[in-house]
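Data first, discussion second: the structure below is written as structure tokens.
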Amino acid sequence: MMLTVSQLNEWLNICEQQPIVYSQALSKEQKAILQIESDIFLRCLKNIVAQNLLTPEQEIPELRLRVLLQQRALIIHMHSNDYTHHPHHPVNRLYLQIAQALAKPEEAVCAVLMPYIESLCRESYSLKAETEDDNGFFYPEHYLLKEKKLIPVAEIYAQALLNPSYLFDDFFSYHLNDYDRKNLKLIAEEACQNYLVALHEEHLLHQQNNLGHHLQILANALYDASVEAKGTEEDAHEDIAKAVKVFYEFWRRLPNNEEINQLTVPEWGRKNVTLKDYLLTLFVRYLDVDLLSDDERQRFTDTAIFPCAYQLSNALNEFLRRYSQLYRISINAIEPNSTSNYQELSELKVKALEALNFRGQIVTTTPTSSDFFRFILDTKELSFAERIQFISQLINTENDLWHFLVSVNDKKQQGLLQVTDYEELVKKVLYALTSKLTTITYQTVEKVIEPLSPENQMVLIELMPDYWLNVAHENSSKLKKITESFKSPAREQYILAVTKEAAARTLLSTDISTYYSLLKSCPEVLKAYLQLIRQKFPYDVDLIIKTTDVSSLHMLLRDWYEELRHWHSEREERNMEVRGLPFFGLFSNNVRILPPPSKVNIEPILSQIETWLKDQTLSQEEVIDFFENQTLVKNSATLSKWINFTVLAQLTPEKKLLEELNANFYELNDKLNAQRAPSGFLFFRDQSRYVAQMERLQEIRTNLLHFIADTDTSLNLHQLKDYFYQQIEEERNDLQRRYQAEESVFLRTLDSAIQIVQRYIDKQYPSLKQLMEKHSHSGLISSSNFSLKL
Numbered sequence: 002m003m004l005t006v007s008q009l010n011e012w013l014n015i016c017e018q019q020p021i022v023y024s025q026a027l028s029k030e031q032k033a034i035l036q037i038e039s040d041i042f043l044r045c046l047k048n049i050v051a052q053n054l055l056t057p058e059q060e061i062p063e064l065r066l067r068v069l070l071q072q073r074a075l076i077i078h079m080h081s082n083d084y085t086h087h088p089h090h091p092v093n094r095l096y097l098q099i100a101q102a103l104a105k106p107e108e109a110v111c112a113v114l115m116p117y118i119e120s121l122c123r124e125s126y127s128l129k130a131e132t133e134d135d136n137g138f139f140y141p142e143h144y145l146l147k148e149k150k151l152i153p154v155a156e157i158y159a160q161a162l163l164n165p166s167y168l169f170d171d172f173f174s175y176h177l178n179d180y181d182r183k184n185l186k187l188i189a190e191e192a193c194q195n196y197l198v199a200l201h202e203e204h205l206l207h208q209q210n211n212l213g214h215h216l217q218i219l220a221n222a223l224y225d226a227s228v229e230a231k232g233t234e235e236d237a238h239e240d241i242a243k244a245v246k247v248f249y250e251f252w253r254r255l256p257n258n259e260e261i262n263q264l265t266v267p268e269w270g271r272k273n274v275t276l277k278d279y280l281l282t283l284f285v286r287y288l289d290v291d292l293l294s295d296d297e298r299q300r301f302t303d304t305a306i307f308p309c310a311y312q313l314s315n316a317l318n319e320f321l322r323r324y325s326q327l328y329r330i331s332i333n334a335i336e337p338n339s340t341s342n343y344q345e346l347s348e349l350k351v352k353a354l355e356a357l358n359f360r361g362q363i364v365t366t367t368p369t370s371s372d373f374f375r376f377i378l379d380t381k382e383l384s385f386a387e388r389i390q391f392i393s394q395l396i397n398t399e400n401d402l403w404h405f406l407v408s409v410n411d412k413k414q415q416g417l418l419q420v421t422d423y424e425e426l427v428k429k430v431l432y433a434l435t436s437k438l439t440t441i442t443y444q445t446v447e448k449v450i451e452p453l454s455p456e457n458q459m460v461l462i463e464l465m466p467d468y469w470l471n472v473a474h475e476n477s478s479k480l481k482k483i484t485e486s487f488k489s490p491a492r493e494q495y496i497l498a499v500t501k502e503a504a505a506r507t508l509l510s511t512d513i514s515t516y517y518s519l520l521k522s523c524p525e526v527l528k529a530y531l532q533l534i535r536q537k538f539p540y541d542v543d544l545i546i547k548t549t550d551v552s553s554l555h556m557l558l559r560d561w562y563e564e565l566r567h568w569h570s571e572r573e574e575r576n577m578e579v580r581g582l583p584f585f586g587l588f589s590n591n592v593r594i595l596p597p598p599s600k601v602n603i604e605p606i607l608s609q610i611e612t613w614l615k616d617q618t619l620s621q622e623e624v625i626d627f628f629e630n631q632t633l634v635k636n637s638a639t640l641s642k643w644i645n646f647t648v649l650a651q652l653t654p655e656k657k658l659l660e661e662l663n664a665n666f667y668e669l670n671d672k673l674n675a676q677r678a679p680s681g682f683l684f685f686r687d688q689s690r691y692v693a694q695m696e697r698l699q700e701i702r703t704n705l706l707h708f709i710a711d712t713d714t715s716l717n718l719h720q721l722k723d724y725f726y727q728q729i730e731e732e733r734n735d736l737q738r739r740y741q742a743e744e745s746v747f748l749r750t751l752d753s754a755i756q757i758v759q760r761y762i763d764k765q766y767p768s769l770k771q772l773m774e775k776h777s778h779s780g781l782i783s784s785s786n787f788s789l790k791l
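If you use this note's numbering, the sequence shown corresponds to residues 2 to 791, in order.
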């Protein structure tokens with residue numbers, strides 16, 4: 002039959018009114034995921050109905066329902082909400098009704114409900130005939146799963162009463178293992194447990210020294226010697242003879258029991274043939290005839306049973322299945338309570354079979370979140386908003402989130418036409434997870450970061466503002482791995498988020514060392530942090546330096562240099578616009594204007610010099626060599642020249658010359674050029690002094706021009722010494738007085754650094770060469786304009 006919209010809607014309404022009863026053995030988390038599974042597949046059916054409510058008598062496409070049945074069966078297979086593990090679950094019952102409606106006349110309902118089912122766990126001739134009643138109904142509560150096969154629980158309960166070996170011996174036709182037997186015992190709680198315990202006791206009895214036990218051994222030997230068991234005619238006679246002789250030794254010691262002798266199985270084989278008749282067939286053929294009485298030999302002749310080992314084995318097994326009292330006959334006597342025990346087992350069987358009809362949930366495993374993600378991404382039965390809702394409910398751990406992201410990437414890499422905007426889906430899911438993201442415990446958060454696009458990485462950074470620095474507190478070495486897992490521009494946002502938070506938590510300058518230790522594993526993050534800290538604690542940079550290593554010191558120097566260089570460039574451009582001058586100078590592209598104190602905080606530079614010298618412990622012989630050849634910022638006329646030349650000038654005779662060159666050359670040059678021009682403005686009344694000065698400066702420029710044109714290395718001071726000694730005291734003083742006020746302050750502040758240098762050159766320390774060999778560093782090349790090395 003086909004299923005209409007109105008019929009499915011009616012079933013849905015009934016299903017929603019029924020409560021779901023979960024096993025008390027399930028944890029809260031397990032119940033939650035089972036409930037989500039039910040909600041997902043109930044929602045799919047609701048959406049199918051909602052799309053067709055205007056045509057209630059329309060038939061729902063069969064393929065659409067069969068696909069949904071197959072997808073659900075695969076997800077819940079062998080889990081605690083499987084059809085055979087929770088048969089009375091309302092949603093399971095609803096899907097069973099759908100399978101009943103869709104099954105064709107020759108099609109087994111169980112195969113529609115669970116398309117992976119292949120057969121029963123024993124040999125079977127028709128899955129449909131053997132799993133459904135006369136009305137075509139399939140009852141999942143009567144079955145358990147064994148991978149892709151069904152275990153017929155009710156049938157095994159009935160067979161086990163006749164012969165417990167069907168349940169407890171692996172070689173019997175159901176091929177049950179310990180896990181299967183455990184589920185058979187737990188399937189309906191107390192009733193089934195009582196029955197299985199009693200059956201097990203019966204089974205143990207069968208393994209003892211009784212008639213049933215010896216008959217079983219004989220039956221097995223006959224089967225092993227048969228052609229069906231690949232026995233050979235040559236070996237069969239000898240093997241059977243041994244087994245018959247062993248059995249006869251037990252049989253002849255049994256007390257006479259005419260009732261046992263006359264047992265028959267009318268529904269199997271020949272109606273009037275008794276158990277003793279079958280045994281006589283073996284005795285006469287394989288034993289000494291003199292061991293048998295005349296009556297026994299005559300009985301053998303009258304019955305004339307064909308001595309086929311396979312048929313005789315089946316006959317003995319049938320007697321054992323029908324007559325459990327055979328296991329209570331021992332050598333001495335028949336055990337007295339055999340009949341009452343059998344009755345008790347029969348009663349327990351009835352109760353167990355009845356309990357199957359009302360059994361609850363069997364707790365095994367629960368589906369993982371990853372089991373659902375591919376279905377949710379693939380199905381067309383859920384809306385975009387519903388996908389976000391269910392996915393966010395399923396994600397509760399780092400692995401859940403990772404499996405979701407991997408599933409999304411797999412979908413994108415399939416190269417199929419994408420109806421769903423997966424990037425937007427991930428973004429919405431992340432926002433839906435806002436409250437969970439910071440509570441999830443991450444072992445390797447980078448594996449969650451890497452599958453995200455840069456845009457969604459930035460969303461993750463935004464939603465977890467406090468996490469990124471906290472992870473450095475827990476394990477500082479992870480910081481570098483996490484940083485590298487981000488893609489640009491998310492990486493820059495991440496670094497900014499971490500450093501801002503670290504700077505905000507650095508309440509006192511004494512906290513710097515703590516956060517330095519946390520962040521030093523990642524130079525990118527550390528550099529950004531030190532920049533923020535330098536702004537926050539401008540007069541405590543010595544504390545920064547004391548906690549840093551050589552690489553960090555390099556970063557600080559380079560940052561200071563960049564700040565000065567950019568500021569100088571901007572100011573120079575403004576000055577050129579005012580003057581209308583071309584860009585030229587003695588030092589090629591070097592900056593010509595000194596920064597005023599208001600723009601440059603010189604205290605950190607001085608602190609840096611003092612701390613660095615203290616750490617490196619330079620000796621007197623190499624102070625000059627260091628500042629001249631190991632320039633802090635080489636190939637530049639900004640910070641390099643003002644630290645290098647000013648401190649060096651205090652140690653050598655070039656100081657005033659350097660002051661004159663750097664502070665007055667361009668000023669004098671510009672003024673004198675303007676005076677010479679026809680429309681130039683006359684700056685000074687007495688031009689002779691400046692004309693002479695200009696000539697001397699031009700001479701220096703001419704002498705040095707060829708050197709500077711070929712290389713951008715630091716100024717060779719020795720080329721200027723001759724000119725310096727020609728300067729008179731009055732002229733130098735005059736030049737000094739004409740410094741701009743802010744330049745004078747700046748220079749005096751820098752000159753105070755000599756006191757620091759002098760304090761250390763008076764002491765004897767290891768040479769710079771020794772230190773460099775001990776603490777070798779490759780140096781940092783930051784641009785074509787300068788290089789940084791210590």
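Heads up, the beta-carbon is just placed ideally off N, CA and C, and yes, glycines get one too.
* Asked: Buried or exposed: where does arginine 492 fall if 16 or more other Cβ atoms within 10 Å of its Cβ makes it buried?
  -> Taking the first residue of the sequence shown as position 1, residue 492 is located at position 491. With 16 or more other Cβ atoms within 10 Å, it is buried.
* Identify the residues that DSSP records as bridge partners of phenylalanine 139: which are they? -> As a working mapping, residue 139 is identified with position 138 in the sequence shown. In DSSP, phenylalanine 139 forms a bridge with Glu133.
* Asked: If you draw a straight line from the C-alpha of glutamate 17 to the C-alpha of leucine 43, how long is it?
  -> Residue mapping note: residue 17 aligns to position 16 of the sequence shown, counting from 1. Residue mapping note: residue 43 aligns to position 42 of the sequence shown, counting from 1. Rounded to whole angstroms, the gap between the alpha carbons of glutamate 17 and leucine 43 is 9 Å.
* Below 7 Å CB to CB, which residues in the same chain sit around glutamine 458 once its five sequence neighbours on both sides are set aside? => In the sequence shown, the residue the question calls residue 458 occupies position 457. Excluding residues within five positions, the ones whose Cβ falls inside 7 Å are Ile450, Phe487, Lys488 and Ala491.
* Given that a residue counts as buried once 16 or more other Cβ atoms are within 10 Å of its Cβ, and exposed if not, what is isoleucine 241? -> Position 240 of the sequence shown, counted from the first residue, corresponds to residue 241. A residue is called buried when at least 16 other Cβ atoms come within 10 angstroms of its Cβ; isoleucine 241 meets this threshold and is buried.
* Applying the criterion that 16 or more other CB atoms from any shown protein chain within 10 Å of the CB defines a buried residue, is serine 518 buried or exposed? -> Residue mapping note: residue 518 aligns to position 517 of the sequence shown, counting from 1. By the neighbour-count rule (16 or more Cβ atoms within 10 Å), serine 518 is not buried but exposed.
* Asked: With distances taken from CA atoms, which of Lys448, Arg67, Lys243 and Asp83 is nearest cysteine 45?
  -> Locating residue 45 in the sequence shown gives position 44, where the first residue counts as 1. The residue with the shortest Cα to Cα distance from cysteine 45 is Arg67.
* Asked: Does the Cβ-Cβ distance between proline 368 and isoleucine 118 come in under 8 Å?
  -> The residue you call residue 368 lines up with position 367 of the sequence shown. The residue you call residue 118 lines up with position 117 of the sequence shown. No; because the gap between Cβ atoms is not below 8 Å, this pair is not in contact.
* Whole-angstrom Cβ separation of glutamate 131 and proline 88, contact assumed at under 8 Å? -> Indexing the sequence shown from 1 puts residue 131 at position 130. Indexing the sequence shown from 1 puts residue 88 at position 87. In fact, because the Cβ distance is near 18 Å, the residues do not count as touching under 8 Å.
* Asked: What is the DSSP secondary structure of tyrosine 144, counted as helix, strand or coil?
  -> Translated into positions along the sequence shown, residue 144 becomes position 143. Secondary structure at tyrosine 144: strand, using DSSP grouped into helix, strand and coil.
* To do: Could you tell me how far apart the beta carbons of leucine 313 and glutamate 297 are, in whole angstroms, since I believe they sit closer than 8 Å?
  => Within the sequence shown, residue 313 is the residue found at index 312, counting from 1. Within the sequence shown, residue 297 is the residue found at index 296, counting from 1. The distance from the Cβ of leucine 313 to that of glutamate 297 is about 17 Å, inconsistent with a contact at the 8 Å cut-off.
* Test item: CB-CB of proline 165 and leucine 200 under 8 Å -> Taking the first residue of the sequence shown as position 1, residue 165 is located at position 164. Taking the first residue of the sequence shown as position 1, residue 200 is located at position 199. Cβ atoms of proline 165 and leucine 200: closer than 8 Å.
* To do: Flag this pair as yes or no: are the beta carbons of valine 446 and isoleucine 483 separated by less than 8 Å?
  => Mapped onto the sequence shown, residue 446 falls at position 445. Mapped onto the sequence shown, residue 483 falls at position 482. In contact: valine 446 and isoleucine 483 (Cβ atoms closer than 8 Å).
* Asked: Quick one, are the C-beta atoms of alanine 498 and proline 466 less than 8 Å apart?
  -> Against the sequence shown, residue 498 aligns to sequence position 497. Against the sequence shown, residue 466 aligns to sequence position 465. When the beta-carbon positions are compared, alanine 498 and proline 466 come within less than 8 Å of each other.
* Classification of glycine 137 by the beta-carbon crowding that lies within 10 angstroms, buried from 16 upward -> Position 136 of the sequence shown, counted from the first residue, corresponds to residue 137. Under a 10 Å Cβ-count criterion, glycine 137 is classified as exposed, with fewer than 16 other Cβ atoms of the shown protein chains found around its own Cβ.
* To do: Compare the C-beta of asparagine 14 with all C-beta atoms of chain D and state if any pair is closer than 8 Å.
  => You won't find chain D in this structure, because it holds only one protein chain.
* Nearest to tyrosine 158 (by Cα), restricted to the options Ile513, Gly361 and Ser347 -> Position 157 of the sequence shown, counting from 1, holds the residue named residue 158. Comparing Cα-Cα distances from tyrosine 158 to each of Ile513, Gly361 and Ser347, the minimum goes to Ser347.
* Between glycine 270 and the rest of its own chain, which residues show a CB-CB distance below 7 Å, the 5 nearest in sequence each way excluded? -> By 1-based counting over the sequence shown, the position of residue 270 is 269. Around glycine 270, the same chain offers Ala316 as residues with beta carbons nearer than 7 Å, after the five sequence neighbours per side are excluded.
* Contact the region 373–383 vs the region 429–443: 3+ CB pairs below 8 Å -> Touching, no, given that fewer than three Cβ pairs across the two stretches are closer than 8 Å.
* Asked: Residue range of the beta strand (DSSP E) that proline 153 falls in?
  -> In the sequence shown, counting from the first residue as 1, residue 153 sits at position 152. Residue range 150–153 is occupied by the beta strand (DSSP E) that includes proline 153.
* To do: For glutamate 623, count neighbouring C-beta atoms within 10 Å of its own C-beta (all shown protein chains included) and say buried if the count is 16 or more, exposed if not.
  => Reading the sequence shown from its first residue, position 622 is the one you call residue 623. Any reading at glutamate 623 must be qualified, since the residue scores a pLDDT of 41, below 50, and its modelled position is unreliable; the value itself is stated next. Burial call: buried.
* Cβ-based neighbour list, lysine 129, same chain, cut-off 6 Å, excluding 5 preceding and 5 following -> The count along the sequence shown starts at 1 and reaches residue 129 at position 128. Same-chain partners within the cutoff: Ala109.
* Who are the Cβ neighbours of phenylalanine 708 in its own chain at under 6 Å, not counting the five residues just before and after it? -> On the sequence shown, position 707 is the one that residue 708 refers to. Reliability fails at phenylalanine 708, whose pLDDT of 36 lies under 50, so the model's placement of it is uncertain and the value that follows must be treated cautiously. There are no such residues.
* **C-beta contact flag for valine 266 and arginine 323 at 8 Å** => Indexing the sequence shown from 1 puts residue 266 at position 265. Indexing the sequence shown from 1 puts residue 323 at position 322. Closer than 8 Å, so yes.
* Taking the alpha helix (DSSP H) that cysteine 792 falls in, what are its first and last residues? -> Outside the modelled stretch of the chain, which goes from 2 to 791, sits residue 792, for which no answer is possible.
* Are alanine 100 and leucine 70 close, meaning C-beta to C-beta below 8 Å? -> Looking up residue 100 in the sequence shown gives position 99. Looking up residue 70 in the sequence shown gives position 69. Contact flag set, yes.
* Of all the options Ala356, Asn262 and Ala310, which has the alpha carbon lying nearest to the alpha carbon of glutamate 239? -> By one-based count along the sequence shown, residue 239 stands at place 238. Checked all of Ala356, Asn262 and Ala310; the closest Cα to glutamate 239 is Ala310.
* Asked: Out of curiosity, what's the CA-to-CA distance linking tyrosine 691 and leucine 508?
  -> One-based indexing of the sequence shown puts residue 691 at position 690. One-based indexing of the sequence shown puts residue 508 at position 507. Because the pLDDT at tyrosine 691 is just 49, under 50, the model does not fix this residue reliably, and the point stays unresolved.
* **Cutoff 8 Å; reference proline 57; Cβ partners in own chain excluding five residues on either side** => The residue labelled residue 57 in the question sits at position 56 within the sequence shown. Cβ neighbours of proline 57 within its own chain (closer than 8 Å, five residues either side excluded): Thr5, Val6, Ser7 and Asn10.
* Using DSSP with H/G/I as helix, E/B as strand and the rest coil, what is threonine 5? -> In the sequence shown, the residue the question calls residue 5 occupies position 4. Three-state DSSP puts threonine 5 in a strand.
* Asked: Residues in its own chain within less than 8 Å of alanine 74 by CB, not counting five upstream and five downstream?
  -> As a position in the sequence shown, residue 74 is number 73, starting the count at 1. Only Tyr84, Leu114, Met115, Pro116 and Tyr117 meet the Cβ criterion.
* Given proline 91, which residues of its chain have a CB within under 7 Å of its CB, disregarding the five upstream and five downstream residues? -> As a working note, residue 91 is residue 90 in the sequence shown. Around proline 91: Cys16, Gln19 and Ile21.
* To do: Report the option in Ala189, Arg535, Lys150 and Gln36 whose CA atom is closest to the CA atom of leucine 357.
  => Here the question's residue 357 lines up with position 356 in the sequence shown. For leucine 357, the nearest C-alpha among the options comes from Ala189.
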